[in-house]
Amino acid sequence: MVSREQRAGHLLVAPYYIFFALFVAYPLIFSFVLVFHRWSIVGPLEWVGLSNFIELGGDPLFWKSIGNTLIFLIIHVPLQVSFALVLAAILNSKIPAQGVFRAAFFLPVVVSGVAVTILWKQMFSTNLGILNQLLYEFGIDPVPWVTDPSWAMPSIAMMATWKNIGLYVVLFLAGLQGIPRHLYEAADIDGASTVQKFFHITIPAINPVFVVVLILSTLGGFSLFIEPYVITGGGPMNSTLSGVLYIYRQAFSFFRMGYAATIGFALAFIVMTVVIIQRRFVEREV
Amino acid sequence: MKGKIKKLFLLSLLTVLALMFIYPFFWMIGGTLKPEIEVMNFSPFGSSWSLDSYRIMLGKIPLFRALFNSIIVSLISTVSVLVLSSMTGYALARLRFRGRSVIFNIILFTMVLPFQLTLIPLYVLMVKFGWVDTYAALIVPYTISAFAILLFRQFFMQVPHDLIDAARIDGLSELGILFRIFWPLSKPALITVGIIHYMGIWNEALWPMIVVRKLSMMTMPQMVALYAVGGQAESQVGTQLAAATLMSLPIIIIYLVLQRHFIASMASSGLKG
Amino acid sequence: MELLKKLMQNNTVCFLSFTVIFLLSCGKVSDTDGIVRLTYWSSTNPYEIELAEELVSEWNSAHPDTQVILQPLPEGRSGEEVLIIAAAGGTAPDICSNVPPVIVPLLAKGHVLVPVDSFDDGRDYLAQRIPEDLLHTFVAADGKLYQIPWKGNPVMVQYNMGILKEVGYDHLPATWSEWAELAELVSGDTDGDGRDDRWMGDINIISEWRQRLFDFYPFFIAASGGQTILKNNCEINFDNQVTLDIFAFFARGFQEGWYANSTFIGDQFLRGHITAHITGPWNISHTERFKPAGFEYAFGPIPVPDDFKGDYYTFGDPKSIGIFSTAKHPEAAWNFVKFLISRQADLRLLEICAQLPLRKNLLPDSLYIPYFRENPMMGQFAELVPYTRGFDQNPALQEVFDAINEQFDAVCIQRRRDPQQGLSRAVKRSANVLKARGL
Amino acid sequence: MASVQLKNLKKAYTKDNLVIDDFSLDISDGEFLVLVGPSGCGKSTILRMIAGLEDITAGEIFIDGNLVNDQPPKNRDIAMVFQNYALYPHMNVYNNLAFGLKLRKFPKQEIAKRVKLAANILEIGRYLQKKPKELSGGERQRVALGRAIVRDPKVFLFDEPLSNLDAKLRVQMRAEIKKLHNELQTTMIYVTHDQVEAMTMGDRIVILKDGIAQQIGSPMEVYQVPSNRFVGSFIGSPAMNFIEGDLTGNVFEGPGVKVELTDIEDQSNQKRSITLGIRPEDISIGQGQITAQVIVTEPLGSETIIHIKLADNPLVIKYPQLVFYKPGEKIIINFNTARIMLFDTHTGKRLK
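Protein chains in written order, with my numbering: chain U, 32 to 317; chain F, 21 to 293; chain P, 22 to 460; chain L, 8 to 359.
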């Protein structure tokens, strides 16, 4: 007897089966086939064996793009976490008009990335941008935001932080508001200072939020694309070339689909490894 | 007294920070009303103001058609994601069937796949289906979302199992249980998925650029991106900002109206997803 | 939200909206009435759309049995991508008048373009229209002509004459020294706030090989007397002193602040922040439309090294027309193309778009004389047409350009590498690329 | 109204893990049957198989003479009351009651009539427009009952319906359900882990352990003649006392006890291991030969529970008066030999 629940289960998941076959499995298999071929989209597939992988191993730009992503993460994640946490903590401390501030920080999250990049491209302008106009008022020399190889990736990381921080403030805020009040009351009775309370009650209590923020930012960092695509095109000196941008360049500037697919698989492998390591590490911590 | 000073300090700090987040948008809107020559000035206010930027831009691109397309595409895709993803999420959460954990793991796995990996094969597929330049190409690949499935699954697991049994005895089918019992109980999840998906689709630019070439089928971000990057804007910053403003306005208005839901959605999405 | 909820609960609404979409997506034209229908993509440049609309309606009223359906091709940074992707998907139009010659080798390799040679009068017709040595640069390595060279936009340097006057410079620079001299004069702080606000030129910060078409490449073509970066479409032709000198010259420019190393949005040339920029004839109408009152400008040649002797060549930024092999009626398409590049149509190209047809005897032709009399600047560009160079016919050309771009970035803009080092790296990478993927 | 037959039911979630092993039972029309046992014994599983909420691994279920193995729950004409009430939180009480009828396409007036009737029976008419979360636990339980009543099903199924109520309310609802049964005379199958509920409500009781029926019988039967040590210990409160020892002839000897038994047929003087069972009310205080030490005294008003220690073996006595002994005090006790039960120490089977 096929159980009713078995049948119902598969029937309900049936749309996903179709969806998965068409839009996940088929493209993945197709991509996997491409890895062993040379293909310029127009024209036939040419079998090249493992030569795409061999090229990848010795491709300085690929490794550069991985390095760039790491730089992005090293700047973006701590910046994101610390600022979001501080903002959330301030917002959580009975500030008037809390909702207004929260809404302000959240605004960039909802606005389209296209609009935001059009805006920031202007703001990053070394000579005419409003960012440097503002710095000038404080007597600070113009900063070569995206025109200097050492500044460019940090600038992009800063912009990504600006765009997403509202989301993380909200996450932390939800975490903070979930902490039972009596924990603080108990600490007050024990005579703990504000700082002690922050480190001994607040931080441990919102640990799960850290995990989420860490993994979300990591995934976000590895899929960095539209910001460097619109603002720097990967330059200067490939300092903002992200993995995904490199895939895009190989695929749509040089029309090397096989190689692009190979980079894609390598990137997917790296992302998954990093996320699994983070999970292991973090889960042990928790 | 000390507390008051501290509060005042925090308040002014927050105000400065909040300005950093809002000011660029004021500047953007100001830029659409200023004379072109003053666009790059720091102040959002110009020596005179006019709607010329909008007039010129709307004369060049059918942005309202794109608005219509965006609404159609986002709405249908969102409704479909709610229906189909909640179906899968329900099955994964509440029904015992063979392969359930395999499917669950596959869905988790698809969340971390870089989309560029599947971009080209997907396009080839759209071509084979004859969907290029149709709503189908914009909608069908976005009819189910792994994120939504996982969120629904998580939410549905909290519904007491007795309710399902009661409904089965009352005579509901599994679909009936989902839509008549679980849906009304899962408003927060529905709103969360709805808002997040709607926002994602509304702001999606890359996929439309690949599958749509007809001006009349373009969505807002695509049309605006092409307008700003391509030759049509003729380097007129004011009109580019006008296009960006018109594109952002609907989502900002929806956001301001549904602000509480947006923020609650985001908060729950992160913690459960 | 209430409304949305109600809508979602209402099955009828869902069903209706699905039906509407289905109907909307089914609006395809049937092909059963004996009329030949051709799809034609123009570029999205507003002037080119205007031209295409005019020509298409003229054609359609004269040829009731061959109807052309016009649609602009989105360009911008993804124009080439769109075309290749469309070709790959079999959704390419019958005719496209915005085919960048740089992707023609790729398209040819994939057999998605109909060679002109397959039409009886194909080669002859083009040979009559286009100067022979220019036509030759469009011929593929296999001897066939996969594109119909249509128009070219020789690039020149556009100067803000107001600035030149202000600094007391009375002629246009023709050599690198003169360029340097002018650059020294104009670059710097003009409003006394301690910040640079005027430069000789600017470089688009977006690091993309295409940007080099408006700095390195025209300088290279000019300084080498009409050479391109490949010889015989497959050998490296830039491993020489010319490249080294150009690298050094631009590095010096950035060093001394002649060029703004900054992102800009908007036209900083018209705002008076940029003194000179390399551009094509299309910019005349743009300038005329958007220039502030009293703005004066002039076009000069691409500067050459001081000891240069010979003809002044420049980059021609050509655009071709392609007939796609998916076309069901290639002969009809060819006939329409001949109409698009006819003598009369070329006049409209000049008048509406201010772009130059690739045509022999353009200036002496009686049909165009009145136009050039009225638009002397266009005449300046027209004279250059025979002295333009486009792209080498090699499918890996973009990667070679990218190799140069990478080093231009490092050597000139960032100045982290000396020119010789940069050149060796570019040559090495190009050699690898050509060996692995070239012809 | 209908009879229910269960024939050789088996249930296994994984291949070699039988939850229910070969369970058969005939429930007659109008009977109030209670399935009782400790948690995890499979009682709920049986109920859910009858309801159609669990698949049947093997065996057959008949309701009113029809085989229902492959029928979905809605076609079995049963109603079920759940431990957590399982009221639909988003519907008001009226709609909760009416929902099952609406799905069965009953006419509006009929639904209204039935809901009104059920509401009258359960006295919940005042709450009809309220949402479940506005009601107290007892009120919710009534609504849950009402939902079953309006359907007028052939069989009522109860899955520990009272275990979420406080003690006082539980006693009250117990009586109400029993009263309901008297009024409706419908077959009812009731699952509980509480032996008091089982004893007070059931016409017949099934005592389950590890998926196997230990004994089926009326409350008096299972109390007075438990078929094994488990049933003896499970039924009755406080639980039956057990002393392990040896039986030689008709003399039982355990730690600190030596009892001469009557009615022993075995006259061979062989010594065997036996467990003696005696209920707390069958131990008297004051006369006899057995000396025990008091651990604690629990006066309950009309009676007293006394925990004592008999050579390290804890025993419980239920004394029908109010008395008080100090902890550590020595008392003399006596067993009512006629009420002593003997169980095989190894198999647990009752010998006498």
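The beta-carbon is built from N, C-alpha and C at its ideal position, and this holds for glycine as well.
- When secondary structure is reduced to three states using DSSP, W62 of chain P falls in the strand class.
- With a threshold of 8 Å between beta carbons, G74 of chain U makes contact with chain P.
- Annotation: Cβ neighbours of A39 of chain U in chain F (cutoff 7 Å, chain order): L115, E194.
- Listed in chain order, the positions of the region 76-103 of chain F with a beta carbon within less than 9 Å of a beta carbon of chain L would be empty, since no residue qualifies.
- Comparing alpha-carbon positions, the option among L:M195, L:E251, L:G224, L:V178 lying closest to V203 of chain L turns out to be L:V178.
- Under the three-state reduction of DSSP output, D185 of chain F falls in the helix class.
- Between F357 of chain P and G183 of chain P, the CB-CB gap reaches or exceeds 8 Å.
- Within the model, the alpha-carbon separation for V306 of chain U versus A113 of chain F is close to 24 Å.
- Listed in chain order, the positions of the region 46-60 of chain F with a beta carbon within less than 9 Å of a beta carbon of chain U are W47, M48, G51, V59, M60.
- Nearest CB-CB separation between A186 of chain F and chain L: below the 8 Å threshold.
- Proximity of A107 of chain P to chain F, defined by a Cβ-Cβ separation below 8 Å, is satisfied.
- Measuring C-alpha to C-alpha distances from Q111 of chain U to each of U:G266, U:V147, U:G251 identifies U:G251 as the nearest.
- At a cut-off of 8 Å between C-beta atoms, V36 of chain F does not count as an interface residue with respect to chain U.
- For V147 of chain F, the chain P residues whose Cβ falls inside 8 Å of its Cβ are A109, G110, G111, T112, in order along the chain.
- Collapsing the DSSP output to three states places E260 of chain L in a strand.
- The alpha-carbon of D71 of chain L is positioned some 18 Å away from that of Y197 of chain L.
- Taking 8 Å as the cut-off, the Cβ atoms of L128 of chain P and R144 of chain P do not count as close.
- Secondary structure at P324 of chain P: coil, using DSSP grouped into helix, strand and coil.
- Against chain P, the CB of Q178 of chain F has no partner CB under 8 Å away; the residue lies outside that interface.
- Rounded to the nearest whole angstrom, the C-alpha separation of P259 of chain U and I226 of chain P is 11 Å.
- Boundaries of the alpha helix (DSSP H) around T265 of chain F: 257-277.
- Apart from sequence neighbours up to five positions away, the residues of its chain that approach S71 of chain U with a beta-carbon distance below 6 Å are F286, ordered along the chain.
- Residues of chain F with a Cβ closer than 8 Å to the Cβ of L60 of chain L are, in chain order, D185, R188, I189.
- When the beta-carbon positions are compared, P416 of chain P and V135 of chain P stay at least 8 Å from each other.
- Inter-segment contact for the region 101-114 of chain L and the region 40-54 of chain L is absent: fewer than three beta-carbon pairs are separated by less than 8 Å.
- Our two residues, R292 of chain P and V178 of chain P, have alpha carbons roughly 17 Å apart in a direct line.
- Taking the beta carbon of V103 of chain P as reference, the chain F residues within 9 Å of it are M229, I230, R233, listed in sequence order.
- Around the beta carbon of A314 of chain P, a 10 Å sphere encloses fewer than 16 other beta carbons of the protein chains shown; the residue is thus reported as exposed.
- C-alpha of E74 of chain P to C-alpha of N81 of chain P: approximately 10 Å in a straight line.
- Along the region 155-180 of chain U, going in chain order, the ones with a CB nearer than 9 Å to a CB of chain P are F155, S156, T157, N158, L159, G160, N163, Y167, D172, P173, P175, W176, V177, T178, D179, P180.
- If you draw a straight line from the Cα of P79 of chain L to the Cα of D185 of chain F, it comes to about 11 Å.
- Beta-carbon to beta-carbon, P67 of chain P and K80 of chain F are separated by about 6 Å, close enough to satisfy the 8 Å threshold.
- In the three-state reduction of the DSSP assignment, A113 of chain F falls in the helix class, which pools H, G and I.
- If you draw a straight line from the Cα of P82 of chain F to the Cα of M240 of chain F, it comes to about 10 Å.
- Ranked by how close their Cα comes to the Cα of A9 of chain L, the residues L:N127, L:K17, L:P160 have L:P160 in first place.
- Secondary structure at H353 of chain L: coil, using DSSP grouped into helix, strand and coil.
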